[in-house]
Every structure is written in C-alpha cells, then in structure tokens.
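First comes the structure, then the notes that go with it.
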C-alpha cells in the first residue's frame with residue numbers, strides 16, 4: 001500500500017522552476033531532477049561540479065534559489081537532498097540529507113544559514129559558518145528551526161532586513177518568526193501570523209524601497225488573490241482579486257475558471273509584482289503604492305504565444321522578468337520533461353505609465369545569452385508550443401491534488417452522522433413531535 | 001408535555017445531558033484533514049453565539065472582552081464548569097476535536113445555564129483541532145491560562161509528533177499567551193509527564209512556578225479534582241504528574 005502510494009506520487013508532474021542571479025550573472029532552470037545553469041557573464045553553459053561526496057539529484061527538484069548576494073545557490077526536492085552550491089565555480093559545497101521531501105528553501109541574507117522546509121511542516125536550518133568556498137563541507141547536519149503542525153510548507157522567505165523568516169502553508173497560514181542569533185537552538189519567538197487567505201498560500205515575496213526598508217510582504221494563494229501585509233503585526237493592508245481579472249480575460253463564458261496564483265516575483269528597485277496564475281496565458285503585473293499601502297493591477301502581459309502559462313518567475317536587478325513554463329513526468333510523450341523560457345523587458349522604471357507602455361516580450365534571439373542559453377535551459381531550441389498547455393494542465397492537477405482539501409457539503413457530513421446515538425434520538429423526537437401519534441403510548 | 005417526547009439524552013433528574021448517548025472513541029487523529037469550519041482569523045471568530053449574555057449581537061462586540069482561558073482537549077468539560085463559577089467574569093473556551101464530545105459539552109453548558117440563571121454564561125466549547133488552528137482563534141498575547149489536562153499519551157515514538165505538548169507547538173502557545181500567562185499540564189502517564197515537563201523546561205519562553213506559587217493558586221487544586229479523567233484516576237488510586245509553567249520574556253533570543 002505504502003509503496004503503491006509512493007509510486008502514484010512519483011508520477012505527479014513537477015513544474016519547471018527558474019531562478020536568476022541577483023546581478024544577473026547566471027540563470028538556473030530545474031526540470032525534473034535536472035538542474036541547468038547558464039553563465040550570462042561568461043556567455044557559456046555551466047558544468048556543475050559535484051565534489052561534495054553526496055549523491056546527485058535523483059527525483060524532482062521542488063525549490064531552487066540564489067542567496068541575496070549571489071554567492072550561494074540551493075536546490076532541493078523530492079529526493080530529500082538539499083544541495084548547496086557555490087556560484088563561483090559552480091561546485092557543490094555540501095549535500096544535506098532531509099528526513100522528508102523538501103518543499104521550499106531560503107538563504108539568510110548574510111549567506112551564513114540555509115533553511116529548508118519539508119512536507120511535514122518542519123523548517124530546518126543548516127549552519128554554513130566556516131565555509132570559505134574552496135573546501136567542501138562534510139557532514140553538515142540540519143537542526144529543526146520551527147514547525148507548522150503537519151502542514152505542507154509552500155514558501156519560505158527572509159525579510160529584507162533579515163530580522164524574520166516567513167513561512168506559508170497549505171492551511172491558509174503565513175507565520176512570521178523572529179530569526180534568532182543562534183538559529184540552531186530553534187526560532188521560538190513568533191512575531192505574527194498573517195491570516196486572511198481562504199485557501200492554501202502558494203507563494204511569498206517582499207517589496208521594499210528606500211522609504212520602507214523593512215519591506216512589505218505579498219502573498220499569492222489558491223483563493224485567487226494576492227495580498228499585501230505589514231508583517232510586524234500581521235495586518236492585512238490590501239487584497240488584489242487577480243482571479244476576477246484573469247477570469248474575465250479567459251472567459252469563454254461557460255466553465256468556471258480557477259485562478260490559483262502559482263508564482264510571485266517582485267522586481268528589484270520597483271514596486272512591481274509579477275504574478276503567474278494557473279489559468280492565465282501570460283502574466284499579470286501588479287503595482288504597489290507603499291505609502292498608500294495599496295496593491296492594484298497595472299497590466300496583463302499576454303502577447304507571448306497561445307500556450308505560455310508560466311510555472312515559475314525570476315528577476316534580477318537588471319529589470320528583466322524571466323519566466324519558465326514546463327513540467328516533468330508528463331505521460332504519453334517521448335520527452336517526458338519540457339520547458340520553455342521567455343523574458344519580459346522594460347520593467348525597471350519608477351514611472352508606472354512607462355511600465356504599462358514599455359514592457360516587451362523579448363524575441364528568442366534578443367534574450368541575454370540568446371539561442372545558446374535557450375538551448376541549455378530548455379534542452380531544445382524549438383519545442384512544439386501546444387505541448388505546454390498539457391504541461392500546465394498536468395502541473396495544475398498535481399498542485400490541486402497536493403494542496404486542496406477535499407470539500408464535503410454539510411448535508412453529506414450530516415448524512416454520515418445519521419447513525420449516531422445522540423443524533424438518532426434527537427431526530428426521532430423531532431419527528432414524533434411533528435406527527436404526534438397517539439399509538440406510540 | 002407528553003412523556004415520550006421528553007428527550008432521553010437529557011437526564012430527567014438533573015436536566016443535564018446523559019453521557020451514554022455521547023460515547024466517543026478515546027482518540028482522534030490530529031494529523032488528518034479537518035472538515036469543520038475554522039475562523040479565518042481571530043477577529044472573525046464570532047463570540048456572540050458562544051457568550052450571548054456578554055455579546056448581545058454580532059455587531060456590538062465589545063472588543064475589550066476577550067477569551068482569556070483556553071482548555072485544550074477539554075473532554076467532557078469538567079474543568080470549565082468548575083472554573084466558570086470561580087472566575088465568573090472571565091471568558092473561557094474548551095477546544096475538543098471529537099464531535100460527539102463537543103456536542104455533549106455544548107448541551108451540558110446550555111443545561112447549566114438553564115438551571116442556574118445568570119451563571120455559566122462565560123464558558124463555551126468549540127470543535128476544532130487546536131494543534132493546527134490555535135492562531136485562528138486567539139491573537140498574540142491574548143490568553144492568561146491554557147490547560148492541557150490528561151492529553152493523549154501517544155506512546156509510540158513514531159507518534160510523538162502527535163502529542164499536544166511538543167517543542168514546536170509550545171512556540172505557538174507562547175505566542176497566544178500573554179507575558180505571565182500560565183500553562184497547566186497534568187497526566188497519569190509518568191512517561192508523558194516527564195516529556196511535558198522536559199519540553200516546558202527546555203523552552204526559553206517558559207519557567208516553572210515555585211512550590212509556594214503552586215500552593216496559593218486555586219486552579220492547581222482543580223487539575224485533579226475537577227476533570228472526569230482526574231476523578232477516574234483518583235477512583236483507581238492512580239498517581240498524577242503535573243507541570244505548571246509561566247510564559248516569560250526570553251532572556252536571549
């Protein structure tokens with residue numbers, strides 16, 4: 001039974017992921033167990049060197065990311081391995097074994113700690129002190145940092161000032177925890193909970209500016225909203241119902257469109273948030289007014305081909321938005337893993353009007369790194385576009401299987417309680433009261 | 001009133017619900033997905049239904065009046081009922097995951113309110129999984145007391161993560177408890193007693209009450225005597241193990 005379930009799970013499609021170096025020195029894409037990196041600085045393909053002595057990825061990678069200063073990179077996923085890479089020569093510094101599958105990762109702003117969340121709701125911390133980048137770290141163990149009670153953690157973010165770590169889960173919760181001086185002893189002080197979402201929280205990102213260095217949190221959810229939060233008190237500042245807008249754009253009239261927010265990406269030095277939505281071909285750009293504390297839809301960028309529903313977003317200080325769509329473990333294809341990368345330019349501006357007018361989806365040969373980059377990150381230069389709708393569909397199914405709870409109507413719940421002693425008697429009394437039958441004496 | 005219309009689940013002599021109609025399994029899996037309604041956030045937790053005398057309507061909720069005591073896994077509600085008259089102005093809530101048991105406590109409180117006008121208005125019960133949803137019910141620092149009386153011991157090591165007192169869950173209890181708030185735990189299982197004491201002692205945001213403090217606290221005496229489980233242990237001449245800790249400001253963080 002257990003192994004059967006395991007196999008079932010393994011067959012679930014995993015989305016393609018993208019992450020961009022903060023200064024756009026390199027771009028990484030993961031698809032299935034495959035990690036692909038392109039060096040934009042050297043304009044060449046990166047060959048990953050794994051001399052950490054640990055095993056390499058064997059199963060779907062579920063989380064990849066660069067550290068804030070770009071020196072570290074982490075990849076982790078269903079094979080319970082957390083691989084920490086130095087981005088200088090792209091060699092693996094250490095491989096940490098997790099007890100459970102890994103669902104999210106984060107790197108502290110000083111690059112001294114790597115945190116990862118497992119599917120049982122525990123966030124672990126790995127201490128990287130003593131790391132000089134040249135020597136592999138042997139036998140680094142992870143210590144438990146905090147836990148959401150047996151809920152899948154979907155996203156993990158450090159605040160821009162590094163003071164707190166934010167974790168989001170399947171049970172609609174966002175927890176803001178003070179990141180302690182010695183995290184190996186655990187993070188016990190909860191700063192706040194951000195509660196208002198009415199479905200699983202899928203993604204988190206921070207927005208900050210010179211006037212607001214502490215930053216504001218934005219979160220995306222299965223309830224088709226993106227919400228803006230002040231994290232020290234956990235107060236909800238604004239809610240942007242992206243589902244309504246996405247629904248309007250897609251409307252063929254008949255069927256109800258589920259507009260789960262799947263990915264969020266803030267654009268450095270701006271107050272823009274790029275949003276990927278399960279049913280939206282393209283992306284939505286939200287604009288945040290940090291002084292008025294509002295979040296509104298600035299633009300929908302949809303002129304990127306019929307079938308491009310991004311599965312992951314990334315950006316750098318260069319003002320480009322990098323997008324990938326694709327999935328691994330697809331059924332019925334010779335090539336079971338597919339990915340497609342696209343880039344939007346024209347985001348790096350303070351002026352909202354120019355954002356609305358200047359955003360351009362770059363042609364393949366205009367993308368930094370050009371065709372060579374696409375060849376590496378996609379595996380192929382040309383991929384038949386239609387397939388990506390199937391990939392998006394597979395990712396959608398996998399996501400709802402994982403994160404959406406079964407819903408039972410109240411009638412159904414009551415029906416299941418019909419034989420209970422306390423109920424049976426109450427029901428028969430009320431029935432008797434209704435038809436007052438004298439023969440019952 | 002016709003004889004056969006009297007509700008047999010309610011005792012004729014006391015007016016209280018009869019336990020035999022509310023028998024439930026002793027255990028419930030806290031890891032399984034819950035299908036009962038949970039408030040989105042504490043501000044959306046409607047108190048008017050729970051404490052009608054304190055909150056005449058949903059719109060006129062007096063925000064200063066908040067729940068201060070929470071009995072986690074309240075069972076058949078013995079402790080709540082004792083506390084209700086001891087602290088008549090304090091709102092308290094029992095949290096219980098078993099539906100039938102929750103129904104029983106609900107009926108019991110309603111019956112007590114009927115037979116004792118003006119009393120027992122400050123206690124109520126909610127069916128929930130407190131291990132998952134504590135932050136949905138209480139704001140930061142809202143609670144003064146939390147009770148964990150005779151919790152499920154979960155002997156197997158594999159199931160220790162189902163224990164209601166655990167290092168990670170104490171972080172959440174520390175969040176909802178105000179500074180100086182008190183956690184009361186008691187069990188008749190020595191191994192679990194040691195575990196709960198160790199979890200609390202090792203947590204930077206809790207310190208043990210002194211013996212003198214325990215002696216003057218009227219609530220400590222109720223831990224054994226007020227609950228159905230405690231009475232059962234006493235009947236069988238069993239031993240109990242308690243740990244009572246105060247929420248403090250951590251010295252280093």
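Residue numbers (UniProt numbering), protein chains in the order written: chain A, 1 to 441; chain B, 1 to 253.
Beta carbons are placed, not taken as given, at the ideal position from N, Cα and C, and that holds for glycine.
Query                                                                                                                                                                                     : Result
Using 8 Å as the Cβ pair cut-off and three pairs as the minimum, do the stretch 405-415 of chain A and the stretch 368-381 of chain A touch?                                              : no
With H, G and I counted as helix, E and B as strand and the rest as coil, what does DSSP make of residue 109 of chain B?                                                                  : helix
Could you check whether residue 174 of chain B and residue 101 of chain B sit closer than 7 Å to each other, using their CB atoms as the reference points?                                : no
Can you tell me where the beta strand (DSSP E) holding residue 36 of chain A begins and where it ends?                                                                                    : 34-39
For residue 164 of chain B, verify whether its CB is less than 6 Å away from any heavy atom of the ligand FAD.                                                                            : Absence of the ligand FAD is noted for the structure shown, with no ligands found whatsoever.
Count the CB pairs spanning the stretch 124-132 of chain B and the stretch 143-156 of chain A that are closer than 8 Å, and state whether there are at least three.                       : yes
Go ahead and pull the three-state DSSP assignment for residue 66 of chain A.                                                                                                              : strand
Which one of A/324, A/140 and A/282 has the shortest CA to CA distance from residue 54 of chain A?                                                                                        : A/140
Looking at C-beta atoms only, is the number of pairs between the stretch 26-46 of chain B and the stretch 116-125 of chain B that lie closer than 8 Å three or more?                      : no
Note down, in chain order, each residue of its chain lying with its Cβ closer than 6 Å to the Cβ of residue 18 of chain A, except the 5 sequence neighbours on either side.               : 29, 312, 314, 322 and 324
So which residues on chain B does residue 153 of chain A lean against when the C-beta distance must stay under 7 Å?                                                                       : Neighbours of residue 153 of chain A on chain B: none; closest Cβ ~12 Å, over 7 Å.
Using the beta-carbon of each residue, which ones in chain A are nearer than 7 Å to residue 41 of chain B?                                                                                : 195 and 196
Tell me the rounded alpha-carbon separation between residue 199 of chain B and residue 165 of chain B.                                                                                    : 7 Å
Please classify residue 99 of chain B: does DSSP put it in a helix, a strand, or coil?                                                                                                    : helix
For residue 246 of chain B, which residues does DSSP report across the bridge?                                                                                                            : B/182 and B/207
Quick check on the burial criterion: 16 or more other C-beta atoms within 10 angstroms. Buried or exposed for residue 16 of chain A?                                                      : buried
In terms of alpha-carbon separation, which member of A/277, A/209, A/47 and A/210 lies closest to residue 245 of chain A?                                                                 : A/277
Following the continuous alpha helix (DSSP H) through residue 415 of chain A, name the residue where it begins and the one where it ends.                                                 : 410-416
Taking only beta-carbon positions, decide if residue 149 of chain A is within less than 7 Å of chain B.                                                                                   : yes
From the DSSP output, in three-state form, read off residue 254 of chain B for me.                                                                                                        : No answer is possible for residue 254 of chain B: it lies beyond the span of chain B, which begins at 1 and ends at 253.
Who are the Cβ neighbours of residue 52 of chain B in its own chain at under 8 Å, not counting the five residues just before and after it?                                                : 121
Taking C-beta pairs closer than 7 Å, name the residues in chain B that residue 413 of chain A reaches, listed in chain order.                                                             : 35
Do the CB positions of residue 205 of chain A and residue 218 of chain A come within less than 7 Å of each other?                                                                         : yes
What first and last residue would you give for the alpha helix (DSSP H) that runs through residue 23 of chain A?                                                                          : Careful: residue 23 of chain A lies outside any alpha helix (DSSP H) and carries neither H nor E.
Report the partner residues of residue 188 of chain A according to the DSSP bridge assignment.                                                                                            : Looking at the DSSP assignment, residue 188 of chain A forms no beta bridge with any residue, so it has no partner.
Can you list, in chain order, the residues of its chain with a C-beta nearer than 7 Å to that of residue 198 of chain A? Leave out the 5 residues immediately preceding and following it. : 172 and 223
By the criterion of Cβ-Cβ separation under 9 Å, what are the contact partners of residue 205 of chain B in chain A?                                                                       : 188 and 189
Report the option in A/344, A/405, A/316 and A/210 whose CA atom is closest to the CA atom of residue 356 of chain A.                                                                     : A/344
Quick one: what's residue 15 of chain A bridged to in DSSP?                                                                                                                               : A/327
Under a CB-based cut-off of 7 Å, is residue 175 of chain B close to chain A?                                                                                                              : yes
Name the two residues that bound the continuous alpha helix (DSSP H) containing residue 201 of chain B.                                                                                   : 190-201
By the 8 Å beta-carbon criterion, what residues does the stretch 144-167 of chain B contribute toward chain A?                                                                            : 161 and 167
Could you check if residue 403 of chain A is buried or exposed, using at least 16 other CB atoms within 10 Å of its CB as the buried criterion?                                           : buried
Can you tell me whether DSSP reads residue 74 of chain A as helix, strand or coil?                                                                                                        : strand
With respect to the alpha helix (DSSP H) encompassing residue 388 of chain A, which residues constitute its N-terminal and C-terminal limits?                                             : 387-403
Exposed or buried, residue 80 of chain B, counting other C-beta atoms within 10 Å across all chains shown (16 or more means buried)?                                                      : buried
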